[in-house]
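Trainee: Handing you a structure now.
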Amino acid sequence: KTINSIGSFSLVINNLIGPAMLGFPHLYQQAGILPTTACVIFIFFCATLSGTLFSDAIACIPGNKSFTRNLDFSTAFKLVAGEEWYVVAEVLF
764 KTINSIGSFS LVINNLIGPA MLGFPHLYQQ AGILPTTACV IFIFFCATLS
814 GTLFSDAIAC IPGNKSFTRN LDFSTAFKLV AGEEWYVVAE VLF
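Under the numbering used here, the residues of the sequence shown are numbered 764 to 856, in order.
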């Protein structure tokens, strides 16, 4: 709860590019600089948007407007969708 904007940006970049860093030279060599860079930027915006929407969904849970409760995705899904769908989601995923 004490992470700032720079720390958040660093974590997103690390999660986005970290595992693929070893394959980037080969990818740039095979596909070229423009398509590869465009895909990386597109994935970055998709990941940022999904994180923002997830944070918004967690904030909309009653009693958690200022993120005082420690909730993860499965708990948020349980509170929004109900116990039955929560069990289905846990079994499927």
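All residues carry an ideal CB built from backbone N, CA and C; glycine is no exception. As the structure is a prediction and not an experimental result, all values here were calculated from the model.
1) Measure from the alpha carbon of Gly826 to the alpha carbon of each residue in Cys802, Thr815, Ala839 and Thr800, then state which is nearest.
2) Output the distance between the C-alpha atoms of Ile768 and Asp819, rounded to the nearest integer angstrom.
3) Of the choices Lys828, Asn833, Phe807 and Ala801, whose alpha-carbon is the least far from that of Ser773?
4) Cβ atoms of Ala822 and Val775: under 9 Å apart, would you say?
5) Taking the C-alpha atoms as reference points, what is the distance between Leu842 and Arg832?
Mentor: So, from the listed chains and residues:
1) Ala839
2) At residue 768 the sequence reads Ser, which differs from the Ile that was named. Roughly 16 Å between the two C-alpha positions.
3) Phe807
4) no
5) 13 Å
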